[in-house]
Amino acid sequence: MDSEGLNGKRNGVLTRNGSGVNQTSSQELDEAIDREESPESDKCAHFSNDDSDSEFGASASEEESSDIDEEEYERRRNMFFAEMADLEKQFLALKEQLYAERLTQIDRKFEEVKAGRAQEYLQPLEELQEHMRTRTEVAGILKKFKLANAECQYNAEILAAKQHLEVSMHCVDVASSVALKLTFKNIHSQSETQILKEQIRQDLEDKVKRLEEDKNSVDSDFWTESSITKKRKKYGNITSNGYEYGPGRDQLNLPDRRRKPVTVSGPYIVYMLKDADIIEDWTSIRKAIKASTSVSYF
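Residue numbers (our numbering): 1106 to 1403.
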């Protein structure tokens, strides 16, 4: 294969790749480069074989090779350098083309990722969404239990507050009832004390009245009896004519109609009472005084 055919083939590859066959992958492009580089290597091997054959031929027939012109060697040398330069240019062009193709593929993949169509993006996204759904479900269940717990605590506090209020109200009612009972008891005791005082005072007043009446009657009787006794001692039962009659008015203890009982006022001492009556009255008075003193202190 000559250099023009090789150049045309490589140029054809470049033309196809550069004309817009955008669906060729990087792997296919590498395979095409390998396929195109293999003939060049064969050509180089062929050239090296030709050179070795010529060298061997030159050594075999040294006399015949001396006739070869040096211009032929120079021409072949220039041709080989030109071929090598052309190969380097084609390699650089293929390299740039591969870079552009890779960049295009990356841009296309980036657009697919942005649009949400790339498999490399969809699979991790699906895993993340599944993880998010799981965590959301767990969070919902946890929230439900926490709300139930908070509601139970709220109901417990409300019940405890109601029970405390009921106990407090009961204690207040009991205290109020006890206070009312004590108040009524004090009022009742005071009223009973007052009634007892009035009864004792009334009894004492009655006794004092009876004592005054007894004293007045005793004084009048004592005065009458003493006057009759004096008359008897002085005159006896003999009348003026010397005759003794039956018992007179004085002996019969009859009151004198001409005299009225004398009312004694002021302090007095009753001597006609018995000692037992005096002691009984004195005991009653002392008890009444003690009872009135204790009631006043209460």
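C-beta atoms are modelled at their ideal positions from N, C-alpha and C, and glycine is treated no differently.
Fair warning: this is a prediction, and the values are worked out from it, not measured in the lab.
Cβ pair Ile-1305, Ala-1393 closer than 8 Å: As a position in the sequence shown, residue 1305 is number 200, starting the count at 1. As a position in the sequence shown, residue 1393 is number 288, starting the count at 1. Against a cut-off of 8 Å, the Cβ pair of Ala-1393 and Ile-1305 comes out as a contact.
Asp-1191, enclosing alpha helix (DSSP H) - first and last residue: The sequence position of residue 1191 within the sequence shown is 86, counting from 1. Looking at the DSSP string, the run of the alpha helix (DSSP H) that includes Asp-1191 is 1175-1220.
Contact check, Lys-1314 vs Asp-1386, beta carbons under 8 Å: Sequence index remark: in the sequence shown, residue 1314 carries index 209 (1-based). Sequence index remark: in the sequence shown, residue 1386 carries index 281 (1-based). No, the Cβ-Cβ distance between Lys-1314 and Asp-1386 is not below 8 Å.
Anticipated Cβ contact below 8 Å, Ala-1223 with Glu-1217, distance rounded: In the sequence shown, counting from the first residue as 1, residue 1223 sits at position 118. In the sequence shown, counting from the first residue as 1, residue 1217 sits at position 112. Right, the Cβ-Cβ distance comes to about 4 Å (below 8 Å), so this counts as a contact.
Beta-carbon gap between Ser-1397 and Lys-1302 smaller than 8 Å: As a working mapping, residue 1397 is identified with position 292 in the sequence shown. As a working mapping, residue 1302 is identified with position 197 in the sequence shown. Contact flag set, yes.
Nonlocal neighbours in the same chain, by C-beta distance under 8 Å from Lys-1267, ignoring five residues either side: Taking the first residue of the sequence shown as 1, we reach residue 1267 at position 162. Nothing listed; no residue qualifies.
For Leu-1316 and Ser-1322, the rounded distance between their alpha carbons: Stepping through the sequence shown from its first residue, residue 1322 is reached at position 217. Stepping through the sequence shown from its first residue, residue 1316 is reached at position 211. Using only the alpha carbons, I get a separation of about 10 Å.
CA-to-CA distance, Lys-1379 to Tyr-1348, given in whole angstroms: Residue mapping note: residue 1348 aligns to position 243 of the sequence shown, counting from 1. Residue mapping note: residue 1379 aligns to position 274 of the sequence shown, counting from 1. Note on Tyr-1348: pLDDT 43, under 50, position unreliable in the model; the coordinate value appears next. Spanning the two alpha carbons is a distance of roughly 42 Å.
Straight-line gap, Pro-1191 to Tyr-1204 (C-alpha atoms, nearest Å): Counted from its first residue, the sequence shown places residue 1191 at position 86. Counted from its first residue, the sequence shown places residue 1204 at position 99. The residue you asked about is not Pro; residue 1191 is Asp in the sequence shown. One C-alpha to the other measures close to 20 Å.
Residue environment, Leu-1199, which counts as buried when at least 16 other CB atoms sit within 10 Å: Numbered from 1 along the sequence shown, position 94 holds the residue referred to as residue 1199. Label assigned to Leu-1199: buried.
DSSP state of Ala-1223 mapped onto helix, strand, coil: For the purposes of this step, residue 1223 is identified with residue 118 of the sequence shown, where counting begins at 1. Here Ala-1223 sits in coil by DSSP.
For Lys-1314, three-class secondary structure by DSSP: Taking the first residue of the sequence shown as 1, we reach residue 1314 at position 209. Residue state, collapsed to three classes: helix.
Nearest-angstrom Cα separation, counted from Glu-1176 out to Met-1184: By one-based count along the sequence shown, residue 1184 stands at place 79. By one-based count along the sequence shown, residue 1176 stands at place 71. Whole-angstrom Cα-Cα distance: 12 Å.
Same chain, Cβ closer than 8 Å to Lys-1214, five either side skipped, listed in chain order: Counting from 1 along the sequence shown, the entry for residue 1214 is found at position 109. Only Ala-1223, Glu-1225 meet the Cβ criterion.
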